[in-house]
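Asker: I am attaching a structure below and will ask some questions about it afterwards.
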Amino acid sequence: MVVRAAGLWKTYHGRTGEPVPVLGGVDLEVKAGEFVAVVGASGSGKSTLLNLLGLLERADAGEIWFDGERVSHLSRRAQCRVRGMSIGYVFQSFLLIEEMTALDNVLLAARYVARDERQAEREAVALMERLGVSHRRGHYPSQLSGGEQQRVAYCRAVLNDPPFLLADEPTGNLDEEHAKVILTELQGRVRERGTSAILVTHRPETSALANRILRLRNGRIEPS
Ligand SMILES: Nc1ncnc2c1ncn2[C@@H]1O[C@H](COP(=O)(O)OP(=O)(O)OP(=O)(O)O)[C@@H](O)[C@H]1O
Ligand SMILES: [Mg+2]
């Protein structure tokens with residue numbers, strides 16, 4: 003999928019209403035089969051940008067296009083559908099559901115689009131095996147280590163083969179070996195399935211794997 007953003011602006015407001023300008027005119031394009039890394043200081047707006055592109059929050063101004071469709075201006079309900087069909091999101095804070103086992107968390111996406119359950123479960127277990135968490139599939143998130151939760155969150159995000167994958171520091175809690183497993187999986191996915199991927203990272207060795215690096219600074223993407 004080709005993802006295009008033009009002129010994205012976002013200002014938050016603090017407790018007393020004071021403005022916190024975060025993004026001030028972000029333009030970007032990610033092609034199918036492209037793996038783009040987003041880097042920038044803490045607080046520079048990386049997660050904010052991902053939330054806008056993932057249709058979780060609305061920009062104050064600007065447009066987002068998925069292929070030929072302007073998704074930024076769809077209704078909430080229509081955006082929800084686009085998210086379910088097209089977007090995989092690995093959140094910085096995982097956001098696993100505490101009352102559900104690891105396996106059921108991974109299967110959430112499949113349930114959402116009403117896939118055949120047995121087939122989805124087979125794929126989920128295979129994916130969890132590749133990421134080294136299948137032996138924890140019956141455990142609840144609070145019983146998992148941070149790195150295990152992160153890998154479960156990754157499995158949940160990719161189970162449906164979304165054409166657009168957003169990952170916010172998906173290797174932040176992982177040792178080198180497990181980070182490499184996720185990154186190799188992600189790279190293979192981008193290459194073989196033509197996924198467009200945007201990944202936020204602080205690790206130089208991760209951004210080195212990307213096709214392109216976008217640097218956020220002062221609310222914009224610095225020219226490279
Ligand atoms: N809901 C909110 N209300 C007010 N301010 C917010 C809100 N969300 C984010 N911010 C502010 O916006 C700025 C950008 O936050 P964001 O989470 O996008 O940064 P980041 O680049 O992802 O940082 P990090 O690397 O630490 O994750 C920060 O200064 C943050 O305090
Ligand atoms: Mg962040």
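Residue numbers for the sequence shown, in the working numbering: 3 to 226. Here a beta-carbon is modelled for each residue, glycine too, at the ideal position from N, C-alpha and C.
Using 8 Å as the threshold, is the stretch 187 to 199 in touch with the stretch 14 to 27, meaning 3 or more CB pairs across them?
Answerer: Taking 8 Å as the limit for Cβ pairs, the verdict is that the stretch 14 to 27 does not touch the stretch 187 to 199.
Asker: Look at the Cβ atom of methionine 130, then the Cβ atom of alanine 112, and state whether they are nearer than 9 Å.
Answerer: Position 128 of the sequence shown, counting from 1, holds the residue named residue 130. Position 110 of the sequence shown, counting from 1, holds the residue named residue 112. It is not a contact, given that the beta carbons lie outside the stated cut-off.
Asker: What is the rounded straight-line gap between the Cα of leucine 146 and the Cα of alanine 181?
Answerer: In the sequence shown, residue 146 corresponds to position 144, counting from 1. In the sequence shown, residue 181 corresponds to position 179, counting from 1. Approximately 17 Å, taken between the alpha carbons.
Asker: Do you know offhand how far serine 49's Cα is from alanine 43's?
Answerer: Taking the first residue of the sequence shown as 1, we reach residue 49 at position 47. Taking the first residue of the sequence shown as 1, we reach residue 43 at position 41. Spanning the two alpha carbons is a distance of roughly 11 Å.
Asker: Pull up the distance between the alpha-carbon of glutamate 125 and that of leucine 161, whole angstroms please.
Answerer: Position 123 of the sequence shown, counted from the start, is the residue given in the question as residue 125. Position 159 of the sequence shown, counted from the start, is the residue given in the question as residue 161. Approximately 7 Å, taken between the alpha carbons.
Asker: Give a yes or no on whether the C-beta atoms belonging to glycine 47 and leucine 168 are separated by under 9 Å.
Answerer: One-based indexing of the sequence shown puts residue 47 at position 45. One-based indexing of the sequence shown puts residue 168 at position 166. The answer is no: Cβ separation not under 9 Å.
Asker: What does the alpha-carbon distance come out to for the pair arginine 6 and isoleucine 66?
Answerer: Within the sequence shown, residue 6 is the residue found at index 4, counting from 1. Within the sequence shown, residue 66 is the residue found at index 64, counting from 1. One C-alpha to the other measures close to 6 Å.
Asker: Find out if the Cβ-Cβ distance for the pair valine 38, isoleucine 184 is shorter than 9 Å.
Answerer: Looking up residue 38 in the sequence shown gives position 36. Looking up residue 184 in the sequence shown gives position 182. Cβ atoms of valine 38 and isoleucine 184: not closer than 9 Å.
Asker: Classify isoleucine 184 as helix, strand or coil using the three-state DSSP reduction.
Answerer: Counting from one through the sequence shown, the residue named residue 184 turns up at place 182. Helix, per DSSP.
Asker: Sorted by chain position, which residues of the same chain lie with C-beta nearer than 8 Å to glutamate 101's C-beta, five sequence neighbours on each side aside?
Answerer: The residue given as residue 101 occupies position 99 in the sequence shown. Excluding sequence neighbours, glutamate 101 sits near Tyr142.
Asker: Who are the near neighbours of leucine 30 in its chain, counting only those whose CB is closer than 7 Å to its CB and skipping five residues on each side?
Answerer: As a working note, residue 30 is residue 28 in the sequence shown. Here the set comprises Ala7, Leu216, Ile223.
Asker: Please indicate yes or no: does the CB of tyrosine 14 lie closer than 8 Å to some heavy atom of ligand 1?
Answerer: Taking the first residue of the sequence shown as 1, we reach residue 14 at position 12. Yes; taking the cut-off as 8 Å, the Cβ of tyrosine 14 has a heavy atom of ligand 1 nearer than that.
Asker: Given that a residue counts as buried once 16 or more other Cβ atoms are within 10 Å of its Cβ, and exposed if not, what is glutamate 171?
Answerer: On the sequence shown, residue 171 is found 169 positions in, with the first residue counted as 1. Label assigned to glutamate 171: buried.
Asker: For ligand 1, I want to know if serine 49 counts as a neighbour, meaning its beta carbon is within less than 8 Å of at least one of the ligand's heavy atoms.
Answerer: Counting from 1 along the sequence shown, the entry for residue 49 is found at position 47. Because some heavy atom of ligand 1 lies under 8 Å away, the Cβ of serine 49 counts as near it: yes.
Asker: Whole angstroms are fine: how far does the CA of serine 226 sit from the CA of glutamine 151?
Answerer: Against the sequence shown, residue 151 aligns to sequence position 149. Against the sequence shown, residue 226 aligns to sequence position 224. Approximately 34 Å, taken between the alpha carbons.
Asker: DSSP three-state label for glycine 149, please.
Answerer: Looking up residue 149 in the sequence shown gives position 147. Note: glycine 149 maps to helix in three-state DSSP.
Asker: Would arginine 197 and glycine 35 be called neighbours here (beta carbons separated by less than 9 Å)?
Answerer: Translated into positions along the sequence shown, residue 197 becomes position 195. Translated into positions along the sequence shown, residue 35 becomes position 33. The sequence shown places threonine at residue 197, rather than the arginine named in the question. Yes, the Cβ-Cβ distance between threonine 197 and glycine 35 is below 9 Å.
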